[in-house]
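What follows is a set of notes on a single structure, which appears directly below.
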Amino acid sequence: MGIAAYGARHAQAFLGSLGRLARSPVATALTVFVIALALALPLGLKLLVANVTAATGGFAGAVNMSVYFKPEVPLERVRLLARNARERTGVAAVSVISSADALAEFRKYSGFGAALQALIDNPLPNVLDVQPTAEGRSPEAIATLERYFQAWPEVDLVQVDTAWVERLDAILDVLEHLLAVTAALLAAGVLAMIGNTVRLEIQNRRAEIEVVKLVGGSNAFVRRPFLYTGMLYGLAGAVLAWCLVALAAAVIAGPVATLARLYGSHYVLAGPALDDALWLLGGGVLLGWLGAWISAARHLRRIEPRA
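Mapping of the sequence shown onto the numbering used here: position 185 corresponds to residue 484, and the numbering continues sequentially without gaps.
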């Protein structure tokens with residue numbers, strides 16, 4: 300059989316499957332909608348994880364270390380030590396906060412400005428604000444950096460709080476695992492749904508299949524239109540799922556922007572990207588084909604021409 304004839308057979312099977320779906324618009328629409336919901340949920344979770352990570356900057360600069368010096372250490376010595384700290388591996392930035400600047404900021408934001416005027420001496424120490432690099436914010440690297448500053452004789456206290464960052468990282472890790480589990484379960488649900496739909500169609504066309512097999516039609520020939528039916532269901536469900544997620548992102552983009560402005564941020568919610576659409580469409584078509592193939596391969600073997 301030539302390439303032209305082979306292509307014509309596939310085109311005939313595709314158009315036939317498309318026509319059968321179009322002749323049952325309500326049933327087709329309901330099936331596609333359920334498939335779309337199953338595909339939209341993992342895409343929505345993926346979008347949630349991506350936006351949370353982007354909104355927080357991936358927590359790359361979330362860990363800050365405060366190094367408090369003894370009161371008698373002069374500011375010039377603190378600045379010299381800050382230059383040395385900037386050259387250390389694992390340190391992204393070091394800022395010097397003088398005792399005078401710290402007192403001025405405390406006076407401005409504490410509400411005790413008048414009471415602080417009575418102080419004779421500044422009780423606040425000079426401080427280094429140390430920001431580790433993204434590679435240097437692991438618990439082991441942070442502990443090593445903390446011991447490095449504590450070894451300085453001029454240092455009185457080193458304070459670092461990584462617990463909340465570890466909790467947020469753990470939450471993201473849970474969400475990523477939840478995404479994988481949810482995607483796997485819903486993919487199995489899509490396979491079962493499309494397989495059951497194809498099974499019902501095979502049962503409804505049992506007499507036609509018997510005739511085709513009677514005149515010499517192979518299982519591959521009989522199976523072909525059902526495979527296209529499954530692929531069309533998967534494709535239509537994937538397109539609708541992408542539209543649903545994009546619509547949901549557009550609806551909540553305004554409130555998210557308002558919330559970001561209240562926190563002094565210009566963050567804009569990101570909707571589904573082109574890569575997401577391609578993966579979704581490919582996954583939908585693949586699940587549709589696989590579900591239809593499993594169902595057709597199982598049930599077509601049971602249908603044989605009757606003498």
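For each residue, glycine too, the CB sits at the ideal point set by N, CA and C.
Going by beta-carbon coordinates alone, are residue i and residue j separated by less than 8 Å?
{"i": "Val555", "j": "Leu568", "result": "yes"}
{"i": "Leu526", "j": "Leu338", "result": "no"}
{"i": "Ala384", "j": "Val390", "result": "yes"}
{"i": "Ala486", "j": "Leu586", "result": "yes"}
{"i": "Ile602", "j": "Glu509", "result": "yes"}
{"i": "Gly515", "j": "Gly590", "result": "no"}
Do you know how far the Cα of residue j is from the Cα of residue i?
{"i": "Ala359", "j": "Thr443", "result": "Reliability of the predicted coordinates at Ala359 is poor, the pLDDT of 48 falling under 50, and no value is obtained from them."}
{"i": "Ala328", "j": "Trp541", "result": "16 Å"}
{"i": "Trp588", "j": "Ile334", "result": "14 Å"}
{"i": "Thr496", "j": "Ala545", "result": "28 Å"}
{"i": "Gly357", "j": "Glu375", "result": "Confidence at Gly357 is low in this model, with a pLDDT of 47, below 50, so the placement of that residue should be treated as unreliable; the coordinate-derived value is given next. When rounded, the distance between both Cα atoms is 35 Å."}
{"i": "Gly581", "j": "Ala310", "result": "20 Å"}
{"i": "Gly315", "j": "Pro524", "result": "7 Å"}
{"i": "Gln458", "j": "Tyr447", "result": "13 Å"}
{"i": "His598", "j": "Arg319", "result": "20 Å"}
{"i": "Thr330", "j": "Thr557", "result": "37 Å"}
{"i": "Leu471", "j": "Thr352", "result": "8 Å"}
Whose C-beta lies closer than 8 Å to the C-beta of residue i among residues of the same chain, with five residues either side of it excluded?
{"i": "Val372", "result": "Pro424, Asn425, Glu453"}
{"i": "Thr388", "result": "Gly435"}
{"i": "Glu475", "result": "Val348"}
{"i": "Glu445", "result": "Met364, Val457, Val459"}
Which residue marks the beginning of the alpha helix (DSSP H) containing residue i, and which one marks its end?
{"i": "Val544", "result": "518-561"}
{"i": "Ser594", "result": "573-599"}
{"i": "Ala506", "result": "505-513"}
What does a CB cutoff of less than 6 Å around residue i pick up in its chain, not counting 5 residues either side in sequence?
{"i": "Val480", "result": "none"}
{"i": "Leu394", "result": "Note that residue 394 corresponds to Ser in the displayed sequence, not to Leu. So the qualifying residues of the chain are Asp428."}
{"i": "Ala482", "result": "Pro341"}
Can you tell me where the beta strand (DSSP E) holding residue i begins and where it ends?
{"i": "Val426", "result": "426-431"}
Give, in chain order, every unbroken run of the beta strand (DSSP E) that is at least 3 residues long and sits entirely within the region 441-500.
-> 454-459
Any chance you could list the alpha helix (DSSP H) runs of at least 4 consecutive residues sitting entirely within the region 367-391, in chain order?
-> 374-385
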